Amino acid sequence: MTTPAIRTYRGVSATDRRAERRTRLLAAARTTWGESGIGAVTVRGVCKTAGLTDRYFYEHFANREELLVAVADEVRDQLLATLVQAGVSTEGPAEEKLRAALQAFLETVAGDRHIHRIVSSDPGDIPALIQRRHDVLTMIADLVVEHAPAVLGVSTDPAGLRRAAMFVTGGVNQLIEGWLGDTIDLTAAELAAECARMCISVIGTAHA
């Protein structure tokens with residue numbers, strides 16, 4: 029049995045062309061969402077901006093909702109990578125690492141109006157986006173539970189630590205939403221320092 033040949037066009041394989049089209053669709057949707065809001069993201073509009081036909085859209089996404097989720101996932105991964113990189117590259121105690129991570133996160137959001145609009149958008153009636161936001165908070169709480177004992181150098185009660193992690197994750201999320209909505213008048217550095225201090229204080233009480 030022979031393996032089918034992969035067709036190429038101008039030296040680019042079919043697989044690479046397909047990946048490139050998906051990248052263009054995501055970039056078009058991200059720009060539209062960032063410039064004009066979530067309601068402006070439509071299949072027809074994204075295809076026009078990307079310079080592709082509907083056929084290629086449905087090659088990658090079942091519908092508009094799936095595209096929006098993909099954009100949200102892309103932004104989430106970018107921000108989490110920024111958060112982690114800043115935290116692990118900062119010397120000092122846990123509170124300083126957390127402060128640096130949160131400050132990098134906030135400054136990235138504030139410095140890119142597209143990201144700012146995407147992360148602060150009301151998911152409205154799109155269940156998948158609502159679920160994604162819940163999943164991100166759960167994932168961060170899981171990371172706290174996994175790494176806090178070693179980072180803080182303390183023995184903790186797992187159930188208590190889980191509650192503390194959920195508490196600080198939800199609380200920090202509310203503060204960030206308030207900051208994005210201009211109801212909290214602090215700089216990124218000030219908010220990061222305040223959040224880090226409160227997080228360490230709360231998690232530190234979850235001792236065995």
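Residues in the sequence shown are numbered consecutively from 29, following this note's numbering. In this text, a Cβ means the ideal position worked out from N, Cα and C, and glycines have one as well. Computed from a prediction, not measured in an experiment: that's the story for all the values here.
Worksheet item: So, helix, strand or coil for S41, using DSSP?
Response: strand
Worksheet entry | Sequence-distant residues of the same chain with beta carbon closer than 7 Å to I154, five excluded per side | E93 and L96
Worksheet item: Hey, how far is the Cα of Y84 from the Cα of A56?
Response: 13 Å
Discussion item. According to DSSP, is I34 part of a helix, a strand, or is it coil?
Written reply: Its pLDDT being 48, under 50, I34 is placed unreliably in this model, and the coordinates cannot settle the point.
Discussion item. At the level of alpha carbons, what is the spacing between E205 and R72?
Written reply: 31 Å
Practice prompt. Give a yes or no on whether the C-beta atoms belonging to I66 and S149 are separated by under 8 Å.
Written response: yes
Worksheet entry | Residue-chain proximity (P177, chain B), Cβ-Cβ < 8 Å | Of the protein chains in the structure, only one exists, and it is not chain B.
Worksheet item: Three or more C-beta pairs closer than 8 Å, one from the region 99-106 and one from the region 118-126: is that the case here?
Response: no
Worksheet item: What are the start and end residues of each continuous beta strand (DSSP E) run of 3 or more residues lying completely inside the region 133-217, in chain order?
Response: none
Practice prompt. Pull up the distance between the alpha-carbon of G152 and that of I158, whole angstroms please.
Written response: 8 Å
Discussion item. Short of 6 Å in beta carbon distance, which residues of its chain neighbour M194, apart from the five on each side in sequence? Order them along the chain.
Written reply: A169
Worksheet item: Mind checking G209: buried by the 16 CB within 10 Å criterion, or exposed?
Response: exposed
Worksheet item: To which residues of the same chain is R104 closer than 8 Å at the C-beta, ignoring the five residues directly before and after it?
Response: R160 and V164
Practice prompt. For A176, I'd like the list of residues in its chain whose CB is within less than 6 Å of its CB, leaving aside the five on either flank, ordered along the chain.
Written response: I231
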